[in-house]
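Okay, structure first, notes after.
Residue numbers (this note's numbering): 397 to 1607.
Below, the structure written as structure tokens:
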């Protein structure tokens, strides 16, 4: 028996159809297919028969393929029609419902005197009362004046092209005559004669396809034929592959029976051959897809650049533009001094005051003439375009040059503008007239705003325009609209602007009453409604939403506004039907508004919902509110459920404090449905072929799903959640798609990651073993996204694997097989690293395979950064495994890991220095080769290895008189590594990034060796001081602090370390003494006083008696006001460590020159230090830094109080 089709399949098909329909470049096609898709799904919504559902699903998929082909055809072959053809096309298409002869074979088109066509169905609906406005121009039409469209002759009906063109031209003349009222009776007689003459041809053409439709049918037939040929070719290839597989199987059986080679070797060889063959097939498919994509892009580019002009291309050198040299300008003009010297100004009379006044009068006359000229053009109204330019000129002069007119002319200018407005008719939808009216309205508004003596003019405008003859509603609406806009943007004083705004506010009641009258009088005129209330439906819905949300925010105070909260809850509960109506209309704006209201209601009643959990919908804070949130979760658009994430987090946060299991049990069904909705929303598109984009909005949504699942899963229990997803996996394995399986694994991976209890890892539980067994049984040909999610799940289940060692070997081998593929290398290696970190002792036997994987990954030339990330995970895992070997094995394996790094780094150092940019093409063929030419890659590998190396037993002995018990196994290779790192420091001393990475690698080597690194410490310190004298890299200061931490307790090395401190400190002072030095170099301040603090704790006897201690103390006082958290912490800890050392010495009674020097330093600067600390804590630094500074003040005061109590005893 056929099972019914799942709802998710229908939703997925609907989404794909809507996406494809939206790709049509033609608006009519796009809207038509969207409407047809919605109508078709709505018509078959109630179908429950599984057989009929399967048929509809098959029809939908076939329609999807046809839709894709048609989209491709429409985008590749654009067709630009002439004006006459466009008019004819419009006559064959209803302008209201967009029906045409292709979609409706029985379509009957009718036209009226305005010339705008309508189908017969629309005429019957719109003109049921015999009269109504035209849907395009608004002209009042009568139903009796509509006649059936009969001019549908086609090009094939004429003998010559000239006759067809004459027919089209005559048809255009007939439309123009009827629309303009020219010779109406003669034209109607001509139409009747044409209808009688060509009656048979007209009826035949109603059902006849035109050239475009025939061309589409031909292309669809060719596509079907091509698809059949391709399917036949694929079937033949599959049959050949099956036959060859049978032959190969027989050959393998013969070899197993007759050969002396072990069966494991033969099977491994065959398995390797199959894997290589599958990889080759995948690569070939990827290349084929890339070629098809490039071919499609080439076709698109050709289509975009296609031209049907008759001009011929000329071969030869391309045209190069050269600006013409104008020789008519002559030599440069002489200066006034040259003219006077040559006597040319002797007969020119000097300017007098009377002459200057005459010039100013002439300029003023010309300016006034410009106003008069514009006014005359508007009065005569000869040329509409000239009137438009005159109105625009008047507006600009009012804005910028109103001072040219005397103040007594302002009133006459206003009356003239209103008179011009009264003579413009904007009811005929003339664009030039509309533009002229808008410019005059702007001129009137600007004039009024700039004349502060005029008052209460809005009411006067209403009275004057309503008293004019004719309908001036459109003009007045335009004037009211631009008036409010000009008040905001006009360049007037703030007092005048506020005065006009107050006047507008006072006139609000009368304006609102006028707009209400307009809406009531023009209820059938959509254009007038838009002018009176722009975006009225959306605006009203948005305004209602804002009002409801504001009321819900006020109702959060339940005790004060209990009645309001109850009425709002009851009202919001009744929006369920309105939400479903918006869903059926796919009105996303309204759905977003409903989501805001539902979420805000939950926010308002959250405390009562969590604490009481009442199931009565009539009680305040009913748990029924969660049904509204689940209503949002049920919609196919994930943006709605995303709006509820914070609510579910707060609900889980409130329930977490409850210990009443029965109370939490009330919420369990809602959370289960919420998790099921998340499972549906986080599914990929089943048509996705490769790895989905990791940077899109959908991936951000999936990351948020991870967080919300971790928030709420404790309500239903982790085990129940995993079992629920496991049951979905079982159903998907029978009739589901890969995206359903991937989504279930994604939810399970999210849960296992952090919050699965240890009891769930027990052997009695069979879900996880079945899950792991199924995952490692996935074929390599599975969808890449499914394999990536499976790898993440395995990596997150590392704790379970550590307690179920029977699966360890199989899982790691599965990951190793995937890691050889570039696509899965990085996540598979990361998963191996997680597993090895918890189970290193059980996986030592896999160390050779893991080390062999590194050169294989290096052989992949593309995806350089991803490959290096995979190699880094392999190095970490290998090092962890090596640490479980005996001493000789450690020495051998670490040498094998590090020796290739030394060789490659030496090759890089001997070549031309290259520092790769971070924005290189990751998918380029030579991506890894370019990335490997940078020294940082190999230096970071050293740091990756020695970060995981555990310190040797000799390295833990850090006392003054201790010696290492035995040599570390990696001492020799570490010394060799230091040599190549030292060379890197010399070669790239000007590149801060390389120096920083070198210092980090050396730091890890020193940490792993302990005091056994003393062999290269002296040359290292010498090189650091030499390098720091030229380049003040702060990372050298941090490395120095590590050396002090390791060797500061050895008295024999303290003099050398103090020389190093003095050199580094003086070099740092040159940087910090610059203008804004501490503010511009906070990292340097942080590392300097980290180093000084290590000297205070590890070598105080040598530090305090040295002059550099005083300099560092004073420098630290200056840096106290630096508002940088890390730098401020280092400075304050430097002070507090000094005080703590003095308190410790006082407590034990220890006295030496260093203690006395430290006391003298604190006594000398103590008062100033407290003052600077308080000033910085109050005025300079943020709250975090202030806390540290105040802590230092407390310790200093404590030291001071102890000293006061000690003074009498000393005396």
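C-beta atoms are modelled at their ideal positions from N, C-alpha and C, and glycine is treated no differently.
Backbone secondary structure at residue i - three-state DSSP
| i | result |
| --- | --- |
| residue 618 | helix |
| residue 1359 | Confidence at residue 1359 is low in this model, with a pLDDT of 45, below 50, so its placement is unreliable and the value that follows should be read with caution. Of the three classes helix, strand and coil, the one that applies to residue 1359 here is coil, per DSSP. |
| residue 1127 | helix |
| residue 1501 | coil |
| residue 505 | strand |
| residue 402 | coil |
| residue 1242 | helix |
| residue 515 | strand |
| residue 489 | strand |
| residue 537 | strand |
| residue 529 | strand |
| residue 1311 | Confidence is the limiting factor: at residue 1311 the pLDDT is only 49, short of 50, which leaves the residue's position unreliable and the question unanswerable from this model. |
| residue 1550 | helix |
| residue 808 | helix |
| residue 1437 | helix |
| residue 1255 | coil |
| residue 1178 | coil |
| residue 903 | coil |
| residue 1010 | strand |
| residue 1154 | Reliability of the predicted coordinates at residue 1154 is poor, the pLDDT of 47 falling under 50, and no value is obtained from them. |
Close-in-space but distant-in-sequence residues of the same chain around residue i (CB under 8 Å, 5 per side omitted)
| i | result |
| --- | --- |
| residue 820 | 829, 832, 833, 836 and 871 |
| residue 1038 | 1097 and 1100 |
| residue 1466 | 1428 |
| residue 441 | none |
| residue 804 | none |
| residue 1049 | 1107 |
Assumed close pair residue i, residue j - CB separation to whole angstroms, cut-off 8 Å
| i | j | result |
| --- | --- | --- |
| residue 1207 | residue 1197 | 6 Å |
| residue 1526 | residue 1490 | With a Cβ gap of about 11 Å, residue 1526 and residue 1490 do not count as contacting. |
| residue 1276 | residue 1225 | At roughly 13 Å, the Cβ-Cβ gap does not stay under 8 Å, so residue 1276 and residue 1225 are not in contact. |
| residue 1189 | residue 1145 | 4 Å |
| residue 1610 | residue 1046 | What the structure shows of the chain is the stretch from 397 to 1607, and residue 1610 is not part of that stretch, so it cannot be assessed. |
| residue 1000 | residue 961 | 7 Å |
| residue 1408 | residue 1364 | 5 Å |
| residue 1071 | residue 1117 | 6 Å |
Residue i, buried or exposed, once every other Cβ within 10 Å from all chains shown has been counted against 16
| i | result |
| --- | --- |
| residue 1494 | buried |
| residue 601 | buried |
| residue 1546 | exposed |
| residue 1478 | buried |
| residue 910 | buried |
| residue 1287 | buried |
| residue 1056 | exposed |
| residue 1181 | buried |
| residue 1426 | exposed |
| residue 1255 | exposed |
| residue 1021 | buried |
| residue 408 | buried |
| residue 416 | buried |
| residue 1236 | buried |
Own chain, CB closer than 7 Å to residue i, minus 5 neighbours either side, in chain order
| i | result |
| --- | --- |
| residue 1042 | none |
| residue 1369 | 1290, 1291 and 1294 |
| residue 1650 | Outside the displayed range of the chain (397 to 1607) lies residue 1650, so it cannot be described from this structure. |
Own chain residues within Cβ distance below 6 Å of residue i, not counting five before or after
| i | result |
| --- | --- |
| residue 1079 | 1135 and 1139 |
| residue 851 | none |
heavy atom of the ligand PLP below 7 Å from residue i C-beta
| i | result |
| --- | --- |
| residue 1540 | Summarising the ligand content, the structure contains no ligands, and the ligand PLP is consequently not present. |
Practice task
Could you pull out every unbroken beta strand (DSSP E) segment of at least 3 residues lying fully inside the region 1201-1237, listed in chain order?
Solution key: none
Handout entry: Complete beta strand (DSSP E) runs within the region 1064-1132 (minimum length 3 residues, chain order)
Key = none
Handout entry: Within the region 670-694, ranges of the alpha helix (DSSP H) (whole runs, at least 4 residues)
Key = none
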